[in-house]
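Top line first, the protein sequences correspond to chains A, B and C. At position 218 of the first sequence the residue is numbered 218 (our numbering), and the sequence of numbers has no breaks. At position 83 of the second sequence the residue is numbered 83 (our numbering), and the sequence of numbers has no breaks. At position 38 of the third sequence the residue is numbered 38 (our numbering), and the sequence of numbers has no breaks.
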Amino acid sequence: MIEVQEITKQYGEKVVLDKVGLQFHKGKVTSLIGSNGAGKSTLLSVISRLLSQDGGVVMVDEKNVTEYKNRMLAQRLSILKQSNHVRLKLTVRELVSFGRFPYSQDKLTKEDMMKVDRAIDFLNLRAIEHAYIDELSGGQKQRAYMAMVVAQDTEYILLDEPLNNLDMKHSVQTMKMMRQLADELGKTIIVVLHDINFASHYSDYIVALKDGKVIYHDTTDNIIREDVLKDVFGVRVKICEFDHKRICNYF
Amino acid sequence: MPAFCFYNEGGCLRALILTIVLLALAFVSLFVGVGDLSVSLIALSRVPRTAALILAGVGMSISGIIMQQMTQNKFVSPTTAGTLEAAKMGLLIFLIFTPGAGMTLKMLSAFLFTFLASMIFLAIVRKIRHRNVIFVPLVGLMFGGIIGSISTFFAVQLNIVQDTNAWMMGDFSGILQGRYELIYLTLPAILITYLYASRFTLVGMGEDFSRNLGLNYSAIMNIGLFCVSLTVSSVVITAGAIPFLGLIVPNVVSIIFGDNLKKTLPLVALTGAIFLLVCDIIGRVVIYPYEVPIGVTVSIIGSVVFLFLLLWKKR
Amino acid sequence: MEKKINIRRNLWIALLLMMASGALFLFYNLGSSWEFALRLRGFKVVAILVVAGCVAFSSVAFQTLTNNRILTPSIMGFESLYLLIQTVIVYLYSDQTYRVLSSIDNFLVSVAGMIGFSFLLYLLIYKKGKDNLYLLLLVGIILGTLFSSLSSFMQLLIDPNDFFIVQGKMFATFNKINNKLLWPSLVVMTATLLIGFRMTRYLDVLALGRDQAINLGLDYNRVVKIFLVIIAVLVSVSTALVGPITFLGLLVTNLTYELFRTHKHHLLIAACIMVSATALLIGQFLMERVFNLSIPLSAIINMVGGFYFIYLLLRVKKL
Numbered sequence: 001m002i003e004v005q006e007i008t009k010q011y012g013e014k015v016v017l018d019k020v021g022l023q024f025h026k027g028k029v030t031s032l033i034g035s036n037g038a039g040k041s042t043l044l045s046v047i048s049r050l051l052s053q054d055g056g057v058v059m060v061d062e063k064n065v066t067e068y069k070n071r072m073l074a075q076r077l078s079i080l081k082q083s084n085h086v087r088l089k090l091t092v093r094e095l096v097s098f099g100r101f102p103y104s105q106d107k108l109t110k111e112d113m114m115k116v117d118r119a120i121d122f123l124n125l126r127a128i129e130h131a132y133i134d135e136l137s138g139g140q141k142q143r144a145y146m147a148m149v150v151a152q153d154t155e156y157i158l159l160d161e162p163l164n165n166l167d168m169k170h171s172v173q174t175m176k177m178m179r180q181l182a183d184e185l186g187k188t189i190i191v192v193l194h195d196i197n198f199a200s201h202y203s204d205y206i207v208a209l210k211d212g213k214v215i216y217h218d219t220t221d222n223i224i225r226e227d228v229l230k231d232v233f234g235v236r237v238k239i240c241e242f243d244h245k246r247i248c249n250y251f
Numbered sequence: 001m002p003a004f005c006f007y008n009e010g011g012c013l014r015a016l017i018l019t020i021v022l023l024a025l026a027f028v029s030l031f032v033g034v035g036d037l038s039v040s041l042i043a044l045s046r047v048p049r050t051a052a053l054i055l056a057g058v059g060m061s062i063s064g065i066i067m068q069q070m071t072q073n074k075f076v077s078p079t080t081a082g083t084l085e086a087a088k089m090g091l092l093i094f095l096i097f098t099p100g101a102g103m104t105l106k107m108l109s110a111f112l113f114t115f116l117a118s119m120i121f122l123a124i125v126r127k128i129r130h131r132n133v134i135f136v137p138l139v140g141l142m143f144g145g146i147i148g149s150i151s152t153f154f155a156v157q158l159n160i161v162q163d164t165n166a167w168m169m170g171d172f173s174g175i176l177q178g179r180y181e182l183i184y185l186t187l188p189a190i191l192i193t194y195l196y197a198s199r200f201t202l203v204g205m206g207e208d209f210s211r212n213l214g215l216n217y218s219a220i221m222n223i224g225l226f227c228v229s230l231t232v233s234s235v236v237i238t239a240g241a242i243p244f245l246g247l248i249v250p251n252v253v254s255i256i257f258g259d260n261l262k263k264t265l266p267l268v269a270l271t272g273a274i275f276l277l278v279c280d281i282i283g284r285v286v287i288y289p290y291e292v293p294i295g296v297t298v299s300i301i302g303s304v305v306f307l308f309l310l311l312w313k314k315r
Numbered sequence: 001m002e003k004k005i006n007i008r009r010n011l012w013i014a015l016l017l018m019m020a021s022g023a024l025f026l027f028y029n030l031g032s033s034w035e036f037a038l039r040l041r042g043f044k045v046v047a048i049l050v051v052a053g054c055v056a057f058s059s060v061a062f063q064t065l066t067n068n069r070i071l072t073p074s075i076m077g078f079e080s081l082y083l084l085i086q087t088v089i090v091y092l093y094s095d096q097t098y099r100v101l102s103s104i105d106n107f108l109v110s111v112a113g114m115i116g117f118s119f120l121l122y123l124l125i126y127k128k129g130k131d132n133l134y135l136l137l138l139v140g141i142i143l144g145t146l147f148s149s150l151s152s153f154m155q156l157l158i159d160p161n162d163f164f165i166v167q168g169k170m171f172a173t174f175n176k177i178n179n180k181l182l183w184p185s186l187v188v189m190t191a192t193l194l195i196g197f198r199m200t201r202y203l204d205v206l207a208l209g210r211d212q213a214i215n216l217g218l219d220y221n222r223v224v225k226i227f228l229v230i231i232a233v234l235v236s237v238s239t240a241l242v243g244p245i246t247f248l249g250l251l252v253t254n255l256t257y258e259l260f261r262t263h264k265h266h267l268l269i270a271a272c273i274m275v276s277a278t279a280l281l282i283g284q285f286l287m288e289r290v291f292n293l294s295i296p297l298s299a300i301i302n303m304v305g306g307f308y309f310i311y312l313l314l315r316v317k318k319l
């Protein structure tokens, strides 16, 4: 289980995270929502040690992340951020193979190869596994990076705005894939989402942040309510039920 | 000078104070140092020297601010964009191909090279604008290093490495009446910059933004290039390279007074002149009766101030 | 799979070319006093290999760390510090320089100075908690500018006759290498490269960017610091041995990237070493035996590298 306690992060005078405490449910998809600047991505970066916090601790399986060896932590927790503008001449398969780096460094074993193959199939990349990533479309590139995370085969997967720059079709594909990871492979997923309807549709739990504080943390059904969302975003939202899922209308 | 009082009242007061400081320093600069202070000496060497210092200070700091607007990057200046090196190359090429020819040709050669180098640099910046802010001056310094190494190659062949280094060392001690007048070429550049101040502010907000407001973007860019090249080349020919001035003066002023050129341009100009006069006076007294060339004083003080800005600036 | 064979093949070709140019350099027109000539040329070949090893590893590693292809570590103030040290020495001892300070002493002082400088620089940046590599570079370059202006000032004070001693140090040359310096340099370079080559797999990951490297379990700051130290040692050794060749790194790395399209750094660096050595051997051969030029090779390399850099900047669509 991932647990954060009293996480604080400041940029100069501005407090971005203010004593955030949370426990994430194992094997479930938890979405982080909130307005711009609420601290969602910062929280994700702190949990994944890309950013160091000013105060508080992050616990992964009851152990402080600072006590983990980097390599061991990379076998339990992975993060996918959006800024992947690498201009390397790297094929999809080579990129996905890097997912096995925490386990075998650059000497891949049979088992590693198997996991790489599985990840490639899982994301339907077989046809383009030898293509160079800098020649792929945005959606394909996103899938290639996702496959790397799948090959990394960590218990916890953190995704930072995975739908950015994706069209409708690829957004839905990505979300379905994320669901599959949780339901079929039992992964714990924490995802930052901007679109409240994607959060409503695909997550089990939702954490709402506002001004660096957690203001709600509950099951999706308890968060997707008109009064709660008004409180989170400061916008009036109308909720309709459709196919047993709640859709928010905020126009 | 206080004609810019039009713009706003607070700025007017500050500008007035700075003008008084400047005049006081100019007075000190006239009389500090060696020699019998006869009227003829003052007219022949001291007045030209002080005038050249003020013009170079104003010109270099204003060039810096224009370049920063054109590239939308606070770290760009003649020092960090290869401009000074290009002027040096111009001088060298002049020396190789037309050694006997006069000042005009020398000036033209330096001007052409600075113009060309600035154009190339702008083209490069366009490609990297959206990357890390610090990456741009890095590439600029690299670019300058390259131009420098090409010049050095020729200098080695002609056996004039020490001489070229000596020209490029900013130094006002050799300035005499009749040998410094080229520096007045900075005046038109300064004037144009004043007239176009608001336009340069808009250019600093980006191409799309300024086009949207009906600005002729490329025309303003060309005018900017012209002003910068004219200023830098005439200063380099008269006094040598004066590094860092165009980098630190605009940055210090911008931290204190903001980025509206209409308001800050006079302050940048005055601060630049004051800074240069102070450096000159320090250089003249510190190992009296000898002089430290101003290029060294400016470079040392300038690099320390710049490092300070880089490392201690609040993010 | 076909690609791998291609890289292997290219590596073999590069190796053969290097050997061939080495042989050409050693045996072409040996003349009657061949023992002496061979010995002299042998030293040069070793020096070229040392420089090739230093420049290739440090440049490739540096470009991967900073995620670009147009910077080289030598701009970070190392070379201007080296020249400042040389200028100060000549300023202090003028024409007695060579008598007072043996070349070994000079070498040690220079290497110690440059490595000490880099440590100070790293300390300064990391102490401030700003682990921004570009900032590190910029601070290094600015300090470099400071050193250069100090040296140009001192050079004004130096007697023009003594200035030639300094000028001799301003350009890398393989013509007057001190044999006593060769072996220590070779040992330091080999040892550093041995350590470095064991870490090349980290470079493969670092090439994916900081965030990915951390995600894949790299202790980013520590690894970067280790590489920075390796780079500092290599650049210092090469500079103190032959003098500054600022843009050699730029030229050879980009040539290597073009010829060997691989992301595997152990191959890339090995290839780059061979490319550098070949370029230096052929360059030196042409300068010495064919054109009989007195211009230092490095001045030409800097010029060619310079034009290539500008071409690179203008050609690439996005940097």
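Glycine included, every Cβ here is placed at the ideal spot set by N, Cα and C.
- Less than 7 Å divides the Cβ of B/I242 from the Cβ of B/V298.
- By the Cβ-count criterion, B/A101 is exposed, with fewer than 16 other Cβ atoms from all chains shown falling within 10 Å of its own Cβ.
- Using a Cβ distance threshold of 7 Å, A/G34 and A/K26 do not count as a contacting pair.
- Relative to A/D204, the option among A/Q180, A/D227, A/I215, A/K210 whose CA is nearest is A/Q180.
- A/S31 and A/R143 have their C-alpha atoms roughly 20 Å apart.
- Burial of C/H265 is indicated by the presence of at least 16 other C-beta atoms within 10 angstroms of its C-beta.
- The beta carbon of A/L158 is closer than 6 Å to those of L44, S48, I79, I190 in its chain, skipping five residues each way along the sequence.
- Close CB contacts of A/N249 within its chain, under the 8 Å cut and outside five residues either way in sequence, are with V237, K238, I239, C240 (chain order).
- Between the alpha carbons of B/T231 and B/L53 lies a distance of about 13 Å.
- Counted as a single uninterrupted DSSP element, the beta strand (DSSP E) harbouring A/D18 occupies residues 14-23.
- With the criterion set as a beta carbon lying under 8 Å from some beta carbon of chain B, the members of the stretch 129-151 of chain C are K130, N132, Y134, L135, L137, L138, V139, I141, I142, L143, T145, L146, S149, L150, in sequence order.
- The DSSP-derived three-state label of B/V292 is coil.
- Here C/D95 is exposed: its Cβ has fewer than 16 other Cβ atoms, across all protein chains shown, within 10 Å.
- Following the DSSP letters along the chain, one finds C/V60 inside the alpha helix (DSSP H) bounded by residues 34-65.
- With 16 or more other Cβ atoms inside 10 Å of its own Cβ, B/F94 counts as buried.
- Straight-line measurement puts the Cα of C/P73 at about 41 Å from the Cα of B/L215.
- Against chain C, the CB of B/Q177 has no partner CB under 7 Å away; the residue lies outside that interface.
- Looking only at C/F164, C/L26, C/P160, C/V50, the smallest Cα-Cα distance to C/T239 is reached by C/V50.
- Rounded to whole angstroms, the separation of the alpha carbons of B/V58 and C/Q167 is 35 Å.
- Here A/A131 carries a coil assignment [DSSP, helix/strand/coil].
- Closest option to C/M18, judged by alpha-carbon separation, among C/V242, C/I301, C/M274: C/M274.
- Between C/A277 and C/A61, the CB-CB gap reaches or exceeds 7 Å.
- Assignment of A/E3 by DSSP, reduced to helix, strand and coil, places it in the strand class.
- DSSP places A/K81 in the coil class of the three-state scheme, outside both helix and strand.
- Buried is the label assigned to C/P244, since at least 16 other Cβ atoms lie within 10 Å of its Cβ.
- Any Cβ of chain C closer than 7 Å to the Cβ of A/A74 would place that residue at the interface, and such an atom is present.
- In this model, A/L123 and C/F260 are separated by some 30 Å (Cα to Cα).
- When the alpha-carbon of B/F31 is set against those of B/Y194, B/T50, B/T19, the nearest one is in B/T50.
- If you draw a straight line from the Cα of C/Y122 to the Cα of A/S200, it comes to about 48 Å.
- Within the same chain, H201 come within 6 Å of A/K245 by CB-CB distance, once the 5 residues on both sides are set aside.
- Note that the C-beta distance between C/V205 and A/F101 is below 7 Å.
- The stretch 80-90 of chain B makes contact with the stretch 104-123 of chain B: 3 or more CB pairs, one atom from each, lie closer than 8 Å.
- DSSP, reduced to helix, strand and coil, places B/G90 within a helical segment of the structure shown.
- Straight across, the Cα-Cα distance linking C/T253 with A/T188 is about 43 Å.
- If you check the CB distance, C/L314 and B/L138 do not come in under 7 Å.
- Taking a Cβ-Cβ cut-off of 8 Å, the neighbours of A/P102 in chain C comprise L216, G217, given in sequence order.
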